[in-house]
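>
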Amino acid sequence: RAFGDVNVVLYDTHAVVGVDDRSLSRLTDWLTREAPTTEIVGRGNRMALFKEVGRPEKVAERFGLAAMHGTHAIGHTRMATESAVTTDGAHPYSTGADQCLVHNGSLSNHNNLRRVLAREGFSFETENDTEVAAGYLSWRMREGLSLGDALKVGLDDLDGFYTFVVGTENGFGVLRDGIACKPAIMAETDRYVAFGSEYRALAGLPGIENARVWEPEPATVYFWER
Numbered sequence: 001r002a003f004g005d006v007n008v009v010l011y012d013t014h015a016v017v018g019v020d021d022r023s024l025s026r027l028t029d030w031l032t033r034e035a036p037t038t039e040i041v042g043r044g045n046r047m048a049l050f051k052e053v054g055r056p057e058k059v060a061e062r063f064g065l066a067a068m069h070g071t072h073a074i075g076h077t078r079m080a081t082e083s084a085v086t087t088d089g090a091h092p093y094s095t096g097a098d099q100c101l102v103h104n105g106s107l108s109n110h111n112n113l114r115r116v117l118a119r120e121g122f123s124f125e126t127e128n129d130t131e132v133a134a135g136y137l138s139w140r141m142r143e144g145l146s147l148g149d150a151l152k153v154g155l156d157d158l159d160g161f162y163t164f165v166v167g168t169e170n171g172f173g174v175l176r177d178g179i180a181c182k183p184a185i186m187a188e189t190d191r192y193v194a195f196g197s198e199y200r201a202l203a204g205l206p207g208i209e210n211a212r213v214w215e216p217e218p219a220t221v222y223f224w225e226r
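Reading the sequence shown from the start, the letters are residues 1 to 226 in the numbering used here.
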């Protein structure tokens, strides 16, 4: 079946597929029918998502992350508390075209939200609460909210303790819940902005001794764009 010009680049267990926008829905339908075990983890024009089980350095090596180029990146490793240790359960989760979400914490009402979102036409592949949070943000943006406003509204709708990091085509955003018990630390210079869950994650960055280093405030949305 013709899908126009298709470009495929393989990265170990993942493939980045380039296809004309007009053929995207047909290709998606074909994959669902002919390759039902294949999962689409993200869509967009500029952002690629990679997720796998294993130690961070091994996963980075498998996907050749060191050779990639870009303006920003988000990495995440987790101790699973709400789902199985599987590739599907790994972060990030897509929240829309050229958007992704990683999450540290736990949502207590994700099962109720999953049912609400299912009625709104969303489907889920895992029991992971982060996938529900990603679906929630997609829902709010579909209703017309900006990503920043969707995060703000989420403070009322998402019960639990969490730190969110959202990647977009042009930058990234950070949000902690109103109690902010999950650790988060940021550093900013005139050359970069960096985020981590521990100080030592940032200690080796160039120029860190002269950076502004701080903990993000509770219930406050931060955004940086290139």
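Where is the CB? At the ideal position from N, CA and C, for every residue including glycine.
For R33, which of helix, strand or coil comes out of DSSP?
Residue state, collapsed to three classes: helix.
> CB A134 to CB L107, shorter than 9 Å?
Going by C-beta atoms, A134 is not nearer than 9 Å to L107.
> For H76 versus V174, is the C-beta distance shorter than 9 Å?
Result no, Cβ atoms of H76 and V174 do not sit closer than 9 Å.
> Below 8 Å CB to CB, which residues in the same chain sit around R78 once its five sequence neighbours on both sides are set aside?
Contacts found: A90, H91, N104.
> So for T126, helix, strand or coil by DSSP?
In the structure shown, T126 sits in coil (DSSP, three-state: anything other than H, G, I, E or B).
> For Y136, is the classification buried or exposed, using 16 other Cβ atoms within 10 angstroms of its Cβ as the cut-off for buried?
Per the 10 Å Cβ criterion, buried.
> Under DSSP, the beta strand (DSSP E) around R212 begins and ends at which residues?
Taken as a continuous stretch (DSSP letters only), the beta strand (DSSP E) holding R212 covers 212-214.
> At which residues does the beta strand (DSSP E) containing A15 begin and terminate?
Its beta strand (DSSP E) spans residues 14-19.
> Taking contact to mean at least 3 C-beta pairs separated by less than 8 Å, is the segment 47-56 in contact with the segment 92-99?
As far as the Cβ criterion goes, the segment 47-56 touches the segment 92-99, which means the pair count is three or higher.
> Do the segment 200-216 and the segment 182-189 touch if we need at least three Cβ pairs shorter than 8 Å?
Output reads yes: the segment 182-189 touches the segment 200-216.
> Residues bridged to A187 by DSSP?
Note: A187 sits in a beta bridge opposite A194, V213.
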